[in-house]
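J.: One structure coming up, written as C-alpha cells, with questions to follow.
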Amino acid sequence: MGIGTVEGFATADRAQVAAALRSMLAQDAVIDDPIALAPYEADAFTTRRQAPMLAALPASTAEVSAVLKYCHEHAIKVVPRGAGTSLSGGSHGLADGITLGLAKLNRVLKIDYENRCAVVQPGVTNLGISNAVDGAGFYYAPDPSSQLACTIGGNVAENSGGVHCLKYGLTTNNILGLELVLMTGEVVRIGGPHLDSGGYDLLGVLVGSEGLLGVVTEVTVRILPKPPHVRAMLIGFPTIEDAGDCVASIIGAGIIPAGMEMMDQAAVRAAENFVKAGYPLDVAALLIVELDGPIADIDQCFATIRAIAESAHAVSCLESRDDNERMKFWAGRKAAFPAVASLAPDYYCMDGTIPRHRLADVLRRIEEMSARCGLAVVNVFHAGDGNLHPLILFDANKTGELAKAEKFGEDILRLCVDVGGVLTGEHGVGVEKRDLMPLMFNQVDLDQQMRLKCAFDAQHLLNPDKVFPNLKRCAELGRVHIHHGKMRFADLPRF
C-alpha cells in the first residue's frame, strides 16, 4: 500500500515520510519521536487529543512549498499550526497526517508608514505587530485577549476579534494582502499594500477559512495611527439584564465605542482578585466602555452614555483619570479567562454571537440553563458586537461532568442560532462546532462551501475533518461556479 492510502501509518511509512521531509528541511525541523509530538496533540481546546504522525517546522515559504508539494503528490494530510491558542480544535493533529508548524516564520519583513501597512510572517504575534510600529505612533487594531501569544497566521485562520473590534473590525477588516501556498505547493499573492483589489474577493474567502484552503506564509496588515485621546468608563449594574439593555441603547443612540465589554459578577470578582483593577465588587454586571478620538467628542459621548446608563439603573459610573487607570480597567478584562481558573478545576470556553438587542434575554436563559444542569457559568464577552464567551465551570475528575459541560455548551450555541445569531464569532468551527454546522446550513449550503474548498484543495488534504460534518468527494459535488466561470488561480500573480 502506498503512503496516504490507509487510516494511520505503519512505522516504515512514518520513517519514509520523515526521511523525505528531512531532505527538504533542517534535520531538527522534523519531529517524529512520540514524546516530542505530545505538544501537538491539541491546541487550547484540550478536551480531545490526537498526536500527529509527525510534525514539520519549515523556516521559509520555499520550505512550506516543498513540504506541501510532497504531501500533495503522496496524498498525505496536512494540518497547519501557529501558536496553538485556538479554542475550537482547529489545529488538532491527525494520526495519518503531518502537523505543519509555522512558528519559525516570525519576522516583520517590512513597515510602510506611507501606505499604513506592515508585511509580516505568520508566526509574528499579534502584539508584536503593534510593538514593531509603536515608536512611530501606530498600532494594529485587532487585539484578542491572547494577543501576547497568538500569532497573526492564526488570527487570519480564525478571523480573530478582540475588545476593539466593535469600531475597528475583525481580522478580515484589517488584512490587505496574503502570500499563500496552495496544497500543490504553488505560491500565490492576493491583495497587497493598497486599499482594495479587483476581481473575486479572495481575501474575504481566505480570512477565517481555518487552514482548509491554503497555508499563509506572509500577511500584509493595516496599521493605524494611535488616536489623540483615549478614555474608558466602568459602569456597574444591579442586574445583567440592565447591562444588556444599556449596551443596546448605546449602539441605538448612534455611538460606536472603540470597545465595549461586559463581565458578570463572578467574572468581575475573579478578575479583581487576580489583577486588582479597581472593579466594584457589589455589582451584578460590569460594562467597560472605551472611546477614542478628539477630546470634545469623547466628552460629549460620555455625557450621553452616562445618561443612558442612569436610565438603565446603573449603580456606579467611573471614568479613567489617566492612561494608567484606563489600562488597569482593561487589564482585568484581558485577564478574565486565567482569573476564572481560580473558581473551578476546569472551564469550557464557548464562543457564539447573537443580535445585540437579544443580550438580556439570552443571558437570562443561560442562567436558567445553568441552574437546570447544575454547572456554574461565568459570562465574559464582547458586548458591543454580541460575541458571547460563556465560561462553563466543571471538574473533569468527576465522572460525567465533562460530558455535561459539553452538552451545556451545545445548548448555548443552539440558543445563539435560535435567536438569530451564529455558531462562532472569532474562535472558529474547528472540531468543536463541526457537528453543529447543520443548525445554520442545510446540505445545499454545505455542498456549495465544499465546492469552494475543492477549488483550492481537490483531495481534501488540508486540515480535513474540521468545519464540515461530512466531506464529499469533489467529483460528487461538481465544479465551483462563481458568476459565469469556474474559480481558477491562472490569473493570479505568480512568483
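Here this note's numbering is used: the first residue of the sequence shown is 17, the next is one more, and so on. Note that the Cβ used here is the ideal one computed from N, Cα and C, for glycine as well.
1. Would you tell me roughly how many angstroms separate the C-alpha atoms of C470 and D463, rounded to the nearest one?
2. Which same chain residues end up closer than 7 Å to D411 when comparing Cβ atoms and leaving out the 5 residues on each side of it in sequence?
3. Buried or exposed: which applies to T415, given that a residue is buried once 16 or more other Cβ atoms fall within 10 Å of its Cβ?
4. If you draw a straight line from the C-alpha of D338 to the C-alpha of K344, how long is it?
5. For S327, which residues from the same chain have a beta carbon less than 8 Å from its beta carbon, with the 5 sequence-adjacent residues on both sides left out?
6. DSSP state of R238, grouped into three classes?
7. Which stretch, first to last residue, makes up the beta strand (DSSP E) that contains E130?
8. Which residues mark the beginning and the end of the alpha helix (DSSP H) in which T77 is found?
9. When the Cα atoms are used, what is the spatial distance from A301 to Q281?
10. Are the beta-carbon atoms belonging to L250 and L182 less than 9 Å from one another?
11. What is the DSSP secondary structure of A201, counted as helix, strand or coil?
12. Quickly, what does DSSP pair E335 with across the bridge? List them, please.
13. Exposed or buried, what is R489 when buried is set at 16 or more other beta-carbons lying within 10 Å of its beta-carbon?
14. Exposed or buried, what is E223 when buried is set at 16 or more other beta-carbons lying within 10 Å of its beta-carbon?
15. If you draw a straight line from the C-alpha of I114 to the C-alpha of M69, how long is it?
16. Report the residue from G220, D112, I271, L409 whose alpha carbon sits nearest the alpha carbon of E306.
17. Go through the segment 271-330 residue by residue and report every complete run of the alpha helix (DSSP H) that reaches 4 residues or more, in order.
18. Distance check for E257 and L493, CA to CA, integer angstroms please.
19. Counting C-beta neighbours from all protein chains within 10 Å, is the total for V179 16 or more, i.e. buried, or is it exposed?
20. Quick check on this structure: which residue in N175, P406, A45 has the alpha carbon closest to the alpha carbon of N190?
21. Taking the alpha carbon of G444 as the point to measure from, which residue in E234, P55, L429 has its own alpha carbon closest?
22. On the CB-based measure, 16 or more other CB atoms within 10 Å of its CB, does G207 come out buried or exposed?
23. Report all residues from its chain with a CB closer than 7 Å to the CB of A152; omit the five preceding and five following residues, and keep chain order.
24. Using a Cβ-Cβ cutoff of less than 7 Å, which residues in the same chain neighbour C87 once the five nearest sequence positions on both sides are dropped?
25. In the segment 354-434, which residue ranges form an unbroken alpha helix (DSSP H) of at least 4 residues, counting only runs that do not cross its ends?
26. By a C-beta neighbour count over all protein chains shown, 10 Å radius and 16 as the cutoff for buried, is V460 buried or exposed?
27. Decide if M17 is buried, meaning its Cβ has at least 16 other Cβ atoms within 10 Å, or exposed.
28. Can you tell me the Cα-Cα spacing of I267 and P158, whole angstroms?
29. Do R374 and S161 have their C-beta atoms closer together than 9 Å?
30. Quick check on DSSP: helix, strand or coil for A71?
31. Using CA coordinates, which residue listed in W346, E341, L297, A60 is at the minimum distance from A274?
32. When burial is assigned at 16 or more other CB atoms within 10 Å of the CB, is S519 buried or exposed?
33. Starting from the C-beta of A419, find all residues in its chain whose C-beta is less than 8 Å away, skip the five residues before and the five after it, and write them out in chain order.
34. Where V149 and F484 are concerned, what is the direct C-alpha to C-alpha distance, given to the nearest angstrom?
35. How long is the line joining the alpha carbons of E335 and A325, rounded to whole angstroms?
36. Put R97 into one of helix, strand or coil per three-state DSSP.
T.: Here's the rundown:
1. 10 Å
2. A360, P361, D362, E417
3. exposed
4. 10 Å
5. S265
6. strand
7. Note, E130: premise wrong, no beta strand (DSSP E); not H, not E.
8. 77-89
9. 5 Å
10. no
11. Rather than Ala, the amino acid found at residue 201 in this sequence is Gly. Reduced to three states, the DSSP call for G201 is coil.
12. M249
13. exposed
14. Here the sequence assigns Val to residue 223, which means Glu is not the residue at that position. Buried.
15. 6 Å
16. I271
17. 281-291, 311-327
18. 46 Å
19. buried
20. N175
21. L429
22. buried
23. Y129
24. V94, I114, L477
25. 375-389, 417-434
26. exposed
27. Note that M17 has pLDDT 34, beneath the 50 cutoff, so the model's placement of it is unreliable and no number is given.
28. 20 Å
29. no
30. strand
31. W346
32. The structure shown does not extend to residue 519, since the chain is modelled only from 17 to 511, so the question has no answer here.
33. none
34. 38 Å
35. 13 Å
36. strand
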